Amino acid sequence: MQGVPEQFDQPQDRAEFRRANGLDGVELYRAHIVHHEFAPHAHDGYGLGVIEAGQERFDYRGRRHLAPAGTIVMMQPGELHTGGPASPLGWRYRMMYLDEAALASQLGAEPLWRFDHAVWAGDTARAVAMARGLHALWHARGSDEADAALCQVLTLLAPLAARAAAPSVNASPSLRPFARVVDALHDDLTREWRLHELAALADLSPFHFQRAFKAAYGVSPHQWRVALRLAEAKRLLARGAPVAEVAATVGMADQAHLTRRFVGMYGVTPARYQRQISGG
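When the letters of the sequence shown are read in order and numbered with UniProt numbering, they come out as residues 1 to 280.
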């Protein structure tokens, strides 16, 4: 499409998605980022990965985190986060986005995992082994190889996880006033909410609502809404829906608008993501 880049603005930045061979609910990502700043976004599954070189900084759960080489990164499903370079050469990393259903099928009767620490540093041997496991998962030629690689990665992560279901977003006292707001944004992605309408759902004035929401979530209500729209767009694209149709479904002005936002959040265009995830 004319006027829309197929890649980052800077040629040093590279990113690629792939489905794990023969495994449902397992999406893989590898990238080397030198310049790009990822806008606040979320993934459906757990974000589990390793920094192979350089250093990343990212905002997650109201805190700024630094992740140098040899660090394992662990994020809960649906949690907003950013990402950017924290060194002149940026950072190179691998991620696995693992659906809760896929993890549940691996754990059997065990409770789902919860990761209380976004960054696990100082365990270089574990990080190197995890990078090897994610590399093997990326290059697995059949479901048997993919199964073995996934098991290897989960075995390495198991000691870092708490054995309890992830707490509800609404369980935190600081987030409880916004439960109706978050539900409303989820329920109608295409609606152009006015600030005073959202504030009324939280029984706050627009001024106090905007400040309190950002203090609780680290992003504005508008940024949260955009992140929800893009997460839904990613789900629809993975199912093969046409890009223009996806743009309309999630309330974007047009395909070009969706593309600009998608690149900012995920590092690839919607069309390229769809090709990569389908193996095309």
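Ideal Cβ positions, reconstructed from N, Cα and C, are used throughout, including at glycine. Treat the numbers as computed from the prediction; the structure is a model and nothing was measured.
Whose C-beta lies closer than 6 Å to the C-beta of residue i among residues of the same chain, with five residues either side of it excluded?
{"i": "residue 136", "result": "149"}
{"i": "residue 214", "result": "220"}
{"i": "residue 57", "result": "66, 84, 86"}
{"i": "residue 15", "result": "31, 267, 268"}
{"i": "residue 121", "result": "71"}
{"i": "residue 10", "result": "35"}
{"i": "residue 60", "result": "81, 118"}
{"i": "residue 278", "result": "none"}
My assumption, with CB atoms under 8 Å, is that residue i sits in contact with residue j. Please give the rounded CB distance.
{"i": "residue 186", "j": "residue 228", "result": "6 Å"}
{"i": "residue 276", "j": "residue 268", "result": "7 Å"}
{"i": "residue 72", "j": "residue 50", "result": "5 Å"}
{"i": "residue 42", "j": "residue 80", "result": "5 Å"}
{"i": "residue 156", "j": "residue 126", "result": "6 Å"}
{"i": "residue 146", "j": "residue 39", "result": "About 31 Å; that fails the 8 Å criterion."}
Could you name the residues that DSSP lists as bridge partners for residue i?
{"i": "residue 72", "result": "50, 120"}
{"i": "residue 188", "result": "DSSP, once it has assigned bridges, lists no residue as partnering residue 188."}
{"i": "residue 85", "result": "56"}
{"i": "residue 32", "result": "14, 92"}
{"i": "residue 26", "result": "98"}
{"i": "residue 38", "result": "83"}
{"i": "residue 65", "result": "58"}
{"i": "residue 19", "result": "27"}
Between the Cα of residue i and the Cα atoms of the options, which residue gives the shortest distance?
{"i": "residue 188", "options": "232, 18, 132, 259", "result": "232"}
{"i": "residue 88", "options": "255, 223, 12, 271", "result": "12"}
{"i": "residue 113", "options": "62, 130, 124, 45", "result": "45"}
Using a Cβ-Cβ cut-off of 8 Å (strictly less than) and excluding sequence neighbours within five positions of residue i, which residues of its own chain qualify?
{"i": "residue 193", "result": "184, 185, 221, 225"}
By Cβ distance, which residues of its chain are closer than 7 Å to residue i, with the 5 residues on each side in sequence left out?
{"i": "residue 173", "result": "Caution applies to residue 173, whose pLDDT of 47 falls short of 50 and renders its modelled position unreliable; the model cannot decide the point."}
{"i": "residue 119", "result": "65, 67, 71, 73"}
{"i": "residue 62", "result": "218"}
{"i": "residue 24", "result": "102"}
### Query
Hey, is the segment 150-164 in contact with the segment 194-205, meaning 3+ C-beta pairs nearer than 8 Å?
no
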